[in-house]
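Heads up: the structure comes next, in structure tokens.
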Amino acid sequence: MSAKVIDCVAIANEIKEELKKEIEECKAKGATVGIATLLVGDDFGARMYRKQVEKFCEEMGVEYINENPPVDSSEEDVVNIVKSLNENKKVSGILPLRPFPEHISDYAIINSIDVNKDIDCFHPYNMGKLTLGEITFAPATPSACIEIMERERLNFEGAEIVVVGHSNIVGKPISLLCLNRNATVTTTHIYTSMAGNLAKHTTGADVLIVAAGKAGLITPDLVKEGAFVIDVGINRVKVLDENGNPVLNEKGKPKTKTVGDVDFEAVKEKAGKITPVPGGVGAITNMMLMRNAVKACKLQNGLL
Ligand code: NAP
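So for the sequence shown, this note's numbering puts the first residue at 5; every next one is plus one.
As structure tokens, then:
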């Protein structure tokens, strides 16, 4: 039987409506929900993400500030921009967009963000609180995974949850959030694969959360019958014809498409529930960021 495909766009729209009401309530009390992005230079991926943030801020009636110093700005100049955003009452949340240029240390920038404006939980203080289960802000993508599982009424207690990927921004915090809910969590990564042990872990998973950034990594043989599969990966791949040759566009260039880390069509026939890509975790991630910006506004204005 084919898996239930989770309609993440519908979930995101529901959350959006809930948040719009909260944003209006904040405004009525004289408090501003606002997001500032900080991009140093013009990295393509970061610019694309910034566009999305700008768009959903506009759609939801939220203040948006775009800080975009040139690529050769000094670290001190960038820290000073963060300090001024920390003081700005119209900014409830600050979102640094990485990568920063090589001469600028991630830590210098992230450590200068006011911990009450750190809406994607980059600051070590907020990551420490997350580890202890005393959360102010959980990072957006891991929160989106939790939101999906909660809306599907997963009983976390004792559930076997396997996470593929252990990055500081996705895999590791997902594992911690599941552990805080008393799931039995296994975190796997490149060394698990290199040791030939990935299938050993993933085939025991009631819930398999994949955040590796490798298209086609998860095939049906790695999935337990009836498992709940959450695909966080976002990869651009060439579109191939039935002979495996690239399909060209009207300009003679290979056509591309966005896929996750899971072989969706094949795994869908074995899993119990599955999230698609595109239109999956990413759609909800944006709303989790906005939820944190609303929470930050309330925190800063004594409304919590
Ligand atoms: P990342 O920093 O590159 O981390 C990838 C993780 O996967 C690393 O822990 C890596 O292990 C592990 N890994 C790589 N190949 C593996 C393999 N063959 N087997 C097992 N583990 C493997 O990436 P990220 O920032 O965490 O993002 C992961 C994916 O999620 C990317 O595709 C990204 O575009 C996507 N993403 C989606 C959203 C969303 O909202 N949907 C948000 C953020 C990211 P090592 O560290 O040991 O090498």
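C-beta atoms are modelled at their ideal positions from N, C-alpha and C, and glycine is treated no differently.
C-beta neighbour in chain D for residue i, strict 7 Å
i, result
"L43", "Checking the listed chains, one finds no chain D in this structure; it contains a single protein chain."
DSSP bridge partner residues for residue i (one or two, in chain order)
i, result
"T192", "V168"
"D235", "V214"
"R240", "T262"
"Y68", "I39"
"I113", "Partner(s): none; I113 has no beta bridge."
"K277", "K8 and F232"
Residues of its chain near residue i, where Cβ-Cβ distance is below 8 Å and the 5 sequence neighbours each way are ignored
i, result
"V75", "V44, G45, D46 and P105"
"K33", "N305 and L307"
"A199", "none"
Residue i CB to nearest heavy atom of the ligand NAD below 6 Å
i, result
"H205", "The model on display carries the ligand NAP but not the ligand NAD."
Inter-residue Cα distance where the pair is residue i and residue j
i, j, result
"L307", "A219", "43 Å"
"S116", "G137", "23 Å"
"M52", "N239", "14 Å"
"H193", "E28", "42 Å"
"M291", "I19", "7 Å"
"A318", "T41", "Because the chain in this structure spans residues 5 to 308, residue 318 falls outside the shown range and cannot be described."
"E80", "H127", "18 Å"
"E71", "V167", "34 Å"
"G1", "G217", "Nothing can be reported for residue 1, as the shown portion of the chain is limited to 5 through 308."
"G276", "L212", "11 Å"
"G169", "A215", "5 Å"
"R155", "I15", "8 Å"
"E21", "V251", "40 Å"
Residue from the options with nearest C-alpha to residue i
i, options, result
"I10", "P258, V298, G248 and I234", "I234"
"V227", "K274, A297, P128 and I27", "K274"
"V281", "F268, K272 and L293", "F268"
"P146", "T190, V236 and D81", "V236"
"V285", "L99, I139 and C149", "C149"
"L221", "E63, N17 and S197", "S197"
"S77", "M131, I108 and T135", "I108"
"N201", "N186, D210 and D225", "D225"
Residues near residue i in its chain [Cβ-Cβ closer than 7 Å; skip 5 each side]
i, result
"C301", "C30, A35, T36, V37 and S96"
"L303", "N120"
"P143", "D124, C125, I173 and P177"
"C182", "F160, I165 and V189"
Cβ shell of residue i (< 6 Å), same chain only, five flanking positions each side left out
i, result
"E151", "I288"
"T223", "D267"
"V241", "A219 and V263"
"N184", "G137"
Contact test: residue i Cβ vs the ligand NAP heavy atom, cutoff 6 Å
i, result
"G4", "Nothing about residue 4 can be reported from this structure: the residues present for the chain run from 5 to 308 only."
"V243", "no"
"V236", "yes"
"I173", "yes"
"S179", "no"
"S6", "no"
"V168", "yes"
"V285", "yes"
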